[in-house]
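If you count by numbering that gives the first Met the number 0, then the first sequence holds residues 0 to 225, one letter each, in order.
Here the structure is laid out as structure tokens; the discussion comes afterwards.
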Amino acid sequence: MKVRDLHEWPSTPEEAEAIQDRLRPLLHLDVPGPTTPRTVAGLDVSYAGDGTGARLAAAVVVLDATTLEVIEESVATGTATFPYLPGLFAFRELPTLLAALNDLTTTPDLLVCDGFGVAHPRRFGLACHLGVLTDLPTIGVGKTAFIGTHTDPGPRRGDTSPLLDEDETIGRVLRTQHNVRPVFVSVGHRTDLDTACRNVLDLTPRYRLPETTRRADRLSRDALAG
DNA sequence: GCGACAG
DNA sequence: ATCTTGTCGC
């Protein structure tokens, strides 16, 4: 599929933050999202090593949204060119993820990202960045808290509580399985929070994490190994 | 000023 | 993310 060019690349955290601030106005937020996507892609990255220079493998797995069967897979390997800094996490994974997306013959109706969308210090997490670069609907599904405050949602699958930053709703804490630790859902691009949570529930018939990310996680892990 | 801090 | 044994439970 076609991906927007990565024209400039930051060499300092300050430049990275400036890029986020410059791209943020390109987001389409609170527009109706894909309620019944035909295909959904999961993205994930595995690492070998630490800091800059770590080897990494980025995987994209496209599933049929109805049957959850694999339609297409893509993996790319590379080297981290940016250190891990909370809030700038995307700059570590973006180049390799885009390479994997580029090799896709399919154009997914929705991208499910590891991490956050607008639930981010500058409202521009990985899911937002990938959304602007692909112009596809994207959502972020985080496994642990980042920014914002929340109360625990009820114990049943489908229970939610708002993720708040002051008075602003930046995401939703969503229980995907009964009595299982919830996930953090936030919108990235071209969708709304209700649709995003609906999509995540549709992708979690059995496990805590979306089937898309589980598949991508395995694929990226295997790619690093052999 | 001191911690906390997506993956 | 990754380093890591056994263990409890469906």
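Cβ atoms here follow ideal geometry from the backbone N, Cα and C, with glycine treated the same way.
Because the structure is a prediction, the values reported are computed rather than measured.
Is it right to say valine 140 is buried, meaning 16 or more other beta carbons lie within 10 angstroms of its own, or is it exposed? buried
Throw me the rounded Cβ distance for the leucine 28 and valine 186 pair, which I believe falls under 8 Å. 6 Å
Locate the alpha helix (DSSP H) running through arginine 54, then write down its first and last residues. DSSP places arginine 54 outside any alpha helix (DSSP H); the residue lies instead in the beta strand (DSSP E), whose first and last residues are 54-63.
For aspartate 43, the residue or residues it bridges with in DSSP: Ala58
Would you mind reading off the limits of the alpha helix (DSSP H) that contains serine 73? Element bounds for serine 73: not the alpha helix (DSSP H) but the beta strand (DSSP E), 69-78.
Sort Ala89, Leu55 and Thr148 by Cα distance to threonine 78 and report the nearest one. Leu55
According to the neighbour-count rule (16 or more other Cβ atoms, all chains shown, within 10 Å of its Cβ), is serine 10 buried or exposed? exposed
Based on the DSSP secondary-structure assignment, which residues constitute the bridge partners of threonine 137? DSSP lists Leu110 and His188 as partners of threonine 137.
Rounded Cβ spacing between valine 30 and aspartate 191 (contact assumed at less than 8 Å): 7 Å
Just reading off the alpha helix (DSSP H) that aspartate 221 is part of, what are its end residues? 210-224
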